[in-house]
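Input: a single structure, listed below in structure tokens.
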Amino acid sequence: MATRRRMLLKVIILGDSGVGKTSLMNQYVNRKFSNQYKATIGADFLTKEVQFEDRLFTLQIWDTAGQERFQSLGVAFYRGADCCVLVYDVNVMKSFENLNNWREEFLIQASPSDPENFPFVVLGNKVDVDGGNSRVVSEKKAKAWCASKGNIPYFETSAKEGFNVDAAFECIAKNALKNEPEEEIYLPDTIDVAGGGRQQRSTGCEC
Amino acid sequence: MSSNSASSTSGDDDFVDSNSVEDRLATVALADTVEEFSSPPPNLESQDGIGFASASEGEDEDAENDEDEGGVAVGEGFVRGGVVWGRTVSEIEVDAPGSPSSSGYAGERGSSGASSGEVEIDEVGNDEIKDLRNNDGEGVLDSQASWVPGKRHVDEDDASVSWRKRKKHFFILSNSGKPIYSRYGDEHKLAGFSATLQAIISFVENGGDRVKLIRAGKHQVVFLVKGPIYLVCISCTEEPYESLKGQLEFMYGQMILILTKSVNKCFEKNSKFDMTSLLGGTDAVFSSLIHSFSCNPATFLHAYTCLPLAYATRQAAGAILQDVADSGVLFAILMCKHKVVVSLVGAQKASLHPDDVLLLANFVMSSESFRQVTSESFSPICLPRFNPMAFLHAYVHYFDADTYLVLLSTSSGAFYHLKDCRMRIETVLLKSNVLSEIQRSLLDGGMHVEDLPVDPLPRSSAISSHLNLPKPVTDSPERFRDTCDGIAGPSGLWHFIYRSIFLDQYVSSEFPASISSPRQQKRLYRAYQKLYASMHERGIGPHKTQFKRDENYVLLCWVTQDFELYAAFDPLADKALAIKTCNRVCQWVKDVENEIFLLGASPFSW
Numbered sequence: 001m002a003t004r005r006r007m008l009l010k011v012i013i014l015g016d017s018g019v020g021k022t023s024l025m026n027q028y029v030n031r032k033f034s035n036q037y038k039a040t041i042g043a044d045f046l047t048k049e050v051q052f053e054d055r056l057f058t059l060q061i062w063d064t065a066g067q068e069r070f071q072s073l074g075v076a077f078y079r080g081a082d083c084c085v086l087v088y089d090v091n092v093m094k095s096f097e098n099l100n101n102w103r104e105e106f107l108i109q110a111s112p113s114d115p116e117n118f119p120f121v122v123l124g125n126k127v128d129v130d131g132g133n134s135r136v137v138s139e140k141k142a143k144a145w146c147a148s149k150g151n152i153p154y155f156e157t158s159a160k161e162g163f164n165v166d167a168a169f170e171c172i173a174k175n176a177l178k179n180e181p182e183e184e185i186y187l188p189d190t191i192d193v194a195g196g197g198r199q200q201r202s203t204g205c206e207c
Numbered sequence: 001m002s003s004n005s006a007s008s009t010s011g012d013d014d015f016v017d018s019n020s021v022e023d024r025l026a027t028v029a030l031a032d033t034v035e036e037f038s039s040p041p042p043n044l045e046s047q048d049g050i051g052f053a054s055a056s057e058g059e060d061e062d063a064e065n066d067e068d069e070g071g072v073a074v075g076e077g078f079v080r081g082g083v084v085w086g087r088t089v090s091e092i093e094v095d096a097p098g099s100p101s102s103s104g105y106a107g108e109r110g111s112s113g114a115s116s117g118e119v120e121i122d123e124v125g126n127d128e129i130k131d132l133r134n135n136d137g138e139g140v141l142d143s144q145a146s147w148v149p150g151k152r153h154v155d156e157d158d159a160s161v162s163w164r165k166r167k168k169h170f171f172i173l174s175n176s177g178k179p180i181y182s183r184y185g186d187e188h189k190l191a192g193f194s195a196t197l198q199a200i201i202s203f204v205e206n207g208g209d210r211v212k213l214i215r216a217g218k219h220q221v222v223f224l225v226k227g228p229i230y231l232v233c234i235s236c237t238e239e240p241y242e243s244l245k246g247q248l249e250f251m252y253g254q255m256i257l258i259l260t261k262s263v264n265k266c267f268e269k270n271s272k273f274d275m276t277s278l279l280g281g282t283d284a285v286f287s288s289l290i291h292s293f294s295c296n297p298a299t300f301l302h303a304y305t306c307l308p309l310a311y312a313t314r315q316a317a318g319a320i321l322q323d324v325a326d327s328g329v330l331f332a333i334l335m336c337k338h339k340v341v342v343s344l345v346g347a348q349k350a351s352l353h354p355d356d357v358l359l360l361a362n363f364v365m366s367s368e369s370f371r372q373v374t375s376e377s378f379s380p381i382c383l384p385r386f387n388p389m390a391f392l393h394a395y396v397h398y399f400d401a402d403t404y405l406v407l408l409s410t411s412s413g414a415f416y417h418l419k420d421c422r423m424r425i426e427t428v429l430l431k432s433n434v435l436s437e438i439q440r441s442l443l444d445g446g447m448h449v450e451d452l453p454v455d456p457l458p459r460s461s462a463i464s465s466h467l468n469l470p471k472p473v474t475d476s477p478e479r480f481r482d483t484c485d486g487i488a489g490p491s492g493l494w495h496f497i498y499r500s501i502f503l504d505q506y507v508s509s510e511f512p513a514s515i516s517s518p519r520q521q522k523r524l525y526r527a528y529q530k531l532y533a534s535m536h537e538r539g540i541g542p543h544k545t546q547f548k549r550d551e552n553y554v555l556l557c558w559v560t561q562d563f564e565l566y567a568a569f570d571p572l573a574d575k576a577l578a579i580k581t582c583n584r585v586c587q588w589v590k591d592v593e594n595e596i597f598l599l600g601a602s603p604f605s606w
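Protein chains in written order, with the UniProt record's numbering: chain A, 1 to 207; chain B, 1 to 606.
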């Protein structure tokens, strides 16, 4: 309830277990990276303020667990998301192939009003590994898939080296903003005199 | 006593009989630590084994935090019917210090300092700086009058040690986890925390269940789900679950008063809907409501209180309002601070709930723009208990710093008509000296315990007795206690609240010197609140009386069909005498009911 209007964007990060979702978020928010793998349990939440085109945003980042057993978190987690980030590991084919499932799952659960135009961003992570020699998903292939899904913006990132991470998140903010609905005038009803808004009133307290 | 409709029906009703309380006392057993129950014979002369049993639940005064120094005593298992849900907490990592990335709650917060600092300075206007300063000095000033509504500690977030130490947090968020309101700290910086709360609620909902309460050590986390709006209170004040839930209901009601339930439609249309903009500028309304949870007994009694006035004066004010009420006004209320002077309904004969009166008064008093004396305001407001779906239109005018008139109409074009009404009302109020009478009453206060008539017999000359009675000569053997304590009523009576059930009104005595600081008053209200909750606990059957002694007070509660009496005595007070005193208080209230209650024409009692 600040005096100046700020925007809060709910950003969901999805992708297979171990592709580096938490690392990307940590690199972006805390500028930190750890080689140690620690599975996220359920979900993790981070907040980051960014300024973009003279406006201040708060990104509320929902880092979800990639493991199947947590996918039941479903609707509640995805509800009201402003943007969805799909992450895969360029060194693991399966994680790329699963992007389609993640995307569809999200659209089913979140059921956004305009699924065709819902803002996604795809990140191909871990481009630093083995100097790129262990890479199995080519940039071309990834871009082709993104293009086929309504021109999803695509970034190749390294959470470890901090490569492209800021650019990716800036795009996320930009995309979420694009999708901002027009403001409507808030106009509730007024009580109708004749009808008399008489309500059943309970006696005493029920609190 | 079957009817309160008319004046002074004082006399030999059953409750005047001093034996009756005693009898009831004998019949009830209650849950808490220190009550003792004896079966007193009709003329109980002393108490068996009333030791100085200490409840050890006294609220400590460690005041590192402002207005919520509640009890930080051991949270003994206060298990209620509600779902006590805790298992999944660990799975969602509500607070996992081991995890470096966890939600900013674990110390490493996510806000990038870079741009935020500057912007905040922009946002913290002069008012807020003043508020902060006032707040810091609050402990020193220690006076209720100096309390200034408004957002506190905006610079904090969930990583701040100070934020985590606050004794009572309130949050409002949307069902997508977007923050709407936080009592302390900046909502946006708490976005991660807000998401965590939503995750907890939603996770349980996913399982077809509902989370009501989580206990975590000394803390209680109370949840209230209202459609797309989630309300959460995190408290270590030891208040009962039912009380905290009631406070969340008030928070929701206050929000509805400002926006109506139509806000739900915004979420139906757009689940991403961010409500904060709709509530812009209302921080003070919520903070003042939260403040009232610890200083206004109406928040747990669900009754309103009247400014004491001579019967004729109130009648005169009522007659003036009645004139206008017949001409297109739905409700007309003349108030002095949070006390009702007189209120009336128009031709529609709708009724006004005490909770709506409280929320309306809070809204009017905490909004600076209404407060300009001689200015007039016209604002859409919703009375949640009357009709949560739609707006009414409120004309608000302050006659002086404390006294204001609210005229409610269903028509958005009623401004000039209501203005006209107000001018007519004002003329007559001035001519008949009602406004000066109101000011005088405000200065004099209401019932002072030391004025409690000694004579338990009905008094015929009751009128105006409460203001002018000479101090009674105490015939009590406990007299030495009164003197050593400085000020107290007969037999160690410190304070009482009497709630009339039919009238939905209560009267509360003025505080004696022994309970003069806001802190002491809050402690007493919390004790009453606890008493109220334990008397109204569902499932354990209706309680009639409760006698409780701890190191702070003797508390006596007596509930009948007609009224509820809550009384606080010196902790060394004699039990039999306390009971007798309660009977006298009831008689006293009855004697002066013409002045302290709004009778007869009361629209609330339907």
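Glycine is no exception: its CB is placed at the ideal position from the N, C-alpha and C atoms.
Since this is a predicted model, take the numbers as computed values, not measurements.
Residue 97/A counts as exposed, since fewer than 16 other C-beta atoms from the protein chains shown sit within 10 angstroms of its C-beta. Near chain A, meaning a CB-to-CB distance below 8 Å, the residues of the UniProt domain "FUZ/MON1/HPS1 third Longin" (492–592) of chain B are 501 and 536.
Just measuring C-alpha positions, the residue of 454/B, 237/B, 564/B and 588/B sitting nearest residue 502/B is 564/B. Straight across, the Cα-Cα distance linking residue 531/B with residue 147/B is about 27 Å.
Assignment of residue 216/B by DSSP, reduced to helix, strand and coil, places it in the strand class. Relative to residue 497/B, the option among 282/B, 334/B, 569/B and 247/B whose CA is nearest is 569/B.
Identification of residues in the segment 373–393 of chain B having a C-beta nearer than 7 Å to some C-beta of chain A yields 385, 386, 387, 389, 390, 391 and 392, given in sequence order.
Judged by DSSP secondary structure, residue 83/A falls within the beta strand (DSSP E) whose first and last residues are 83–89.
Below the 7 Å Cβ cutoff, chain A contributes 8, 47, 58 and 60 as neighbours of residue 191/B, in chain order. Closest by C-alpha distance to residue 124/A, out of 38/A, 93/A and 191/A, is 93/A. The bridge partners DSSP lists for residue 564/B are 499/B and 559/B. Identification of residues in the segment 286–309 of chain B having a C-beta nearer than 9 Å to some C-beta of chain A yields 286, 300, 301, 302 and 303, given in sequence order. Inter-segment contact for the segment 299–308 of chain B and the segment 276–288 of chain B is absent: fewer than three beta-carbon pairs are separated by less than 8 Å. For the segment 73–85 of chain A, residues whose beta-carbon sits nearer than 8 Å to a beta-carbon of chain B comprise 73, 74, 75, 76, 77, 79, 80, 81 and 82. Rounded to whole angstroms, the separation of the alpha carbons of residue 10/A and residue 25/A is 14 Å. Within the segment 284–313 of chain B, the complete alpha helix (DSSP H) runs of at least 4 residues fall at 298–301.
Contact with chain B is found for residue 113/A, since one of that chain's Cβ atoms lies less than 8 Å from the residue's Cβ. Rounded to the nearest whole angstrom, the C-alpha separation of residue 371/B and residue 150/B is 15 Å.
Taking 8 Å as the cut-off, the beta carbon of residue 279/B is found no closer than this to the beta carbon of residue 252/B.
The straight-line gap separating the alpha-carbon atoms of residue 191/B and residue 352/B is approximately 37 Å.
Scanning its chain for C-beta atoms nearer than 7 Å, with the 5 sequence neighbours on each side dropped, one finds around residue 412/B the residues 393, in chain order.
Sequence-distant Cβ neighbours of residue 378/B in its own chain, meaning closer than 6 Å and more than five residues away, are 395 and 415. Closest in alpha carbon position to residue 381/B, among 364/B, 295/B, 368/B and 369/B, is 364/B. Contact with chain B is found for residue 186/A, since one of that chain's Cβ atoms lies less than 8 Å from the residue's Cβ.
Annotation for residue 385/B: 353, 355 and 356 place their beta carbon closer than 6 Å to its own, counting only its chain and skipping 5 residues before and after.
Residue nearest to residue 158/A within the set 135/A, 118/A, 141/A and 152/A is 135/A (criterion: CA-CA distance).
Burial state of residue 122/A is buried, judged by a 10 Å Cβ sphere holding 16 or more other Cβ atoms. The alpha-carbon of residue 343/B is positioned some 41 Å away from that of residue 219/B.
Bridge partners of residue 44/A according to DSSP: 63/A. The beta carbon of residue 190/A sits closer than 8 Å to some beta carbon of chain B.
Within the model, the alpha-carbon separation for residue 560/B versus residue 341/B is close to 27 Å. Using a Cβ-Cβ cut-off of 8 Å, residue 147/A does not count as an interface residue toward chain B, since no Cβ of chain B sits closer than that to its own. Any Cβ of chain A closer than 8 Å to the Cβ of residue 237/B would place that residue at the interface, and such an atom is absent.
Residue 294/B is not a Cβ neighbour of residue 362/B, given a cutoff of 8 Å. Residue 394/B: member of the beta strand (DSSP E) spanning 390–398, first to last residue.
Within the same chain, Cβ atoms closer than 6 Å to the Cβ of residue 143/A are found at 154, the five residues on either side in sequence being excluded.
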